[in-house]
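To start, the structure itself, in structure tokens.
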Amino acid sequence: MKKCFWDLFRKGFFIQKENINWAAELKRAPRLAEERMNINAASKVLEQEWREKAKKDLEEWNIRQNEQMERNQANNRASEEAFLKESKEETTGTEWEKVAQLCDFNPKSSKQSKDVSRMRSVLISLKQIPLTR
69 MKKCFWDLFR KGFFIQKENI NWAAELKRAP RLAEERMNIN AASKVLEQEW REKAKKDLEE
129 WNIRQNEQME RNQANNRASE EAFLKESKEE TTGTEWEKVA QLCDFNPKSS KQSKDVSRMR
189 SVLISLKQIP LTR
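Adding 68 to a residue's 1-based position in the sequence shown gives its number in the numbering used here.
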């Protein structure tokens, strides 16, 4: 690959060659400068488009995040009110029935959660046949 004088000059390698056609290189210099300015302008336009897209995406994410947070807050308020209402009500039954109401007896098949099947079976049996004193 033949390197011209301007390529070497831009990279900091100022090496004088004996066989450089100075007239051709001087004619080429303004065109190279114009190409560089065009490339810079195009990159600035592209960067501005990316910034606008990123800003738009961030705004959409914030809107979705706020909606999700509002839904979660509403669900938490409703479940807390239901829990407080149930806890204030006087339920008849044994202590184990009250404990069993607070427990989730649906088995979960998640590999990351601990196996609580024995505890679940103990609570179910105590609910059905409570301990006697």
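Backbone N, C-alpha and C define an ideal beta-carbon position, used for all residues, glycine too.
Query, Result
"Could you work out which residue in C171, V113, L194, Q196 is closest to V184 when comparing CA atoms only?", "C171"
"Taking Cβ positions, are K195 and W164 nearer each other than 9 Å?", "yes"
"Do Q169 and E148 have their C-beta atoms within less than 9 Å of each other?", "no"
"Is it the case that the Cβ atoms of F173 and L152 are separated by a distance below 9 Å?", "no"
"Do you know offhand how far Q141's Cα is from E127's?", "21 Å"
"How is the alpha helix (DSSP H) around E163 delimited, first residue to last?", "163-170"
"For the alpha helix (DSSP H) holding V184, just list the boundary residues, first then last.", "Premise fails: V184 is in no alpha helix (DSSP H) and is neither H nor E."
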